[in-house]
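Since the structure comes first, as structure tokens, the remarks are kept for the end.
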Amino acid sequence: MGQPKINPPIGRIAIVADGNSPDPDDLGGTAVSIALLRATGLEKRLVHYSHSCDLKRVERISEAAEKERHALMQSACDVTARRWGGFEDLTFFDAKWQQEQTINDLSKAINTSSENDPLWIIEAGEPDIIGFALEASDNSKHKYVKVITHHPANDDSGDYYTWQQILDFGIEEVRIPDQNVNLKVPIEKWDWAKNHPDPRIQWVWIQGKIAEVDNIVKFQKGKWDCSDAGMVLYWITGAKDGGLKSGTVRDVKTILSKFIDKN
């Protein structure tokens with residue numbers, strides 16, 4: 001089976017992830033998303049990345065455990081970006097601890113949008129940061145903003161904005177199926193990465209493994225989960241123009257392995 005066709009739409013991409021909430025799956029999702037963009041030569045189209053967008057801690061995760069998550073997510077961003085290369089001009093923001101800078105950065109990306117250069121926002125966590133950035137940005141630009149979502153659990157988890165309020169800004173909703181179906185898999189399906197000779201691939205595997213051995217939630221046990229990266233896979237393979245709506249681990253493996261073989 002060959003590599004999926006790489007055919008991104010016009011425009012730029014922004015990613016807003018959580019990872020500081022009880023579910024640690026954004027560790028694997030972040031590493032895979034960054035690696036996929038680099039492996040397909042689209043790293044310069046990524047104009048915003050923020051993590052830890054869950055702005056109000058829930059009792060299920062302690063303050064100390066959440067603090068660890070912020071550090072792990074920052075590491076997943078910064079180390080993956082440095083090792084894979086190409087992201088030297090991008091700052092990976094902590095949305096909760098650098099809330100003002102994060103909102104300013106995303107609203108700036110919204111304000112430079114146009115018909116020929118839209119902004120595709122990947123909603124890989126709660127919608128609040130997206131809502132605040134839309135609130136802070138130029139209303140006339142909102143029609144050039146498309147928000148890709150795959151899970152109502154993200155849409156409906158905001159502390160400050162409902163999903164309907166996000167839609168009311170006049171953005172375009174781009175909804176794809178639940179990516180957990182094909183991208184939250186038994187951990188042995190990622191043995192190819194664990195055993196890969198290249199440390200860049202091994203590093204990606206480690207991020208999903210950290211989530212698997214998490215001691216806050218039990219539902220990642222035995223799983224390797226990069227479900228949110230499915231939205232990036234959808235975007236790089238065409239988005240609304242034939243993009244992979246149900247990408248698989250094999251698709252990720254093919255794209256990353258081909259890049260590593262050449263570089």
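Going by the UniProt record's numbering, the residue at position 32 of the sequence shown is 32; the numbering climbs one at a time, nothing skipped. Note that CB positions come from ideal geometry on N, CA and C, so glycine has one too. Remember, it's a predicted structure, so these values are computed and weren't measured experimentally.
Neighbourhood of residue i by C-beta, 8 Å cutoff - its chain only, sequence neighbours within 5 removed
i: ARG83; result: PRO199, ARG200 and TRP203
i: ASN182; result: GLY230, SER246, GLY247, THR248 and VAL249
i: LYS194; result: GLN202, TRP205 and LYS209
i: LEU55; result: ALA95, LYS96, GLN99, GLU126, ASP128, ILE129, ASP159 and TYR160
i: ASP214; result: PRO24 and GLN220
For residue i, three-class secondary structure by DSSP
i: GLU188; result: helix
i: GLU172; result: strand
i: SER50; result: strand
i: ASP225; result: strand
i: SER114; result: strand
i: residue 350; result: Absent from the structure is residue 350, since the part of the chain shown begins at 1 and ends at 263.
i: ILE6; result: coil
i: GLU42; result: The sequence given here has Leu at residue 42, not Glu. It is coil, neither helix nor strand.
i: TYR234; result: helix
i: GLN99; result: helix
i: HIS196; result: coil
i: GLU68; result: helix
i: ARG83; result: helix
i: ASN139; result: helix
i: THR30; result: helix
i: GLN207; result: helix
i: LYS258; result: helix
i: ILE61; result: coil
i: ILE216; result: coil
i: ASN263; result: coil
i: ALA35; result: helix
i: LYS108; result: helix
i: LEU183; result: helix
Same chain, Cβ closer than 7 Å to residue i, neighbours up to 5 away in sequence not counted
i: HIS196; result: GLN202
i: LEU244; result: PRO4, LEU233, TYR234, THR237 and ASP251
i: TRP163; result: PRO127, ASP155 and ASP156
i: ASP138; result: ASN111
i: ALA133; result: ILE103, LEU106, SER107 and ILE110
i: ALA65; result: ILE216
i: LYS141; result: ILE110, ASN111 and SER113
Integer-rounded CB distance, given that residue j should sit under 8 Å from residue i
i: ALA211; j: LEU27; result: 5 Å
i: ILE10; j: PRO118; result: 7 Å
i: PHE92; j: HIS51; result: 7 Å
i: ILE189; j: TRP224; result: The question names Ile, but residue 189 is Lys in the sequence shown. That pair is a contact at about 7 Å.
i: ASP241; j: ASN7; result: 7 Å
i: ASP228; j: GLY29; result: 4 Å
i: residue 348; j: PRO186; result: Residue 348 lies beyond the residue range present for the chain, which begins at 1 and ends at 263; the question has no answer from this structure.
Test: residue i CB closer than 8 Å to a CB of chain D
i: ALA193; result: The chain inventory of the structure shown lacks chain D, comprising one protein chain alone.
Cross-strand partners of residue i (DSSP beta bridge)
i: ARG12; result: LEU119
i: ILE148; result: ILE122 and VAL174
i: ASP94; result: HIS51
i: ALA76; result: DSSP output for ALA76 lists no bridge partner at all.
Spatial neighbours of residue i in its chain, beta-carbon cut-off 6 Å, leaving aside the 5 residues before and after
i: VAL79; result: none
i: HIS48; result: ALA14, ASP105, LEU106 and ALA109
i: PHE259; result: ALA39
i: ILE34; result: THR80 and ALA81
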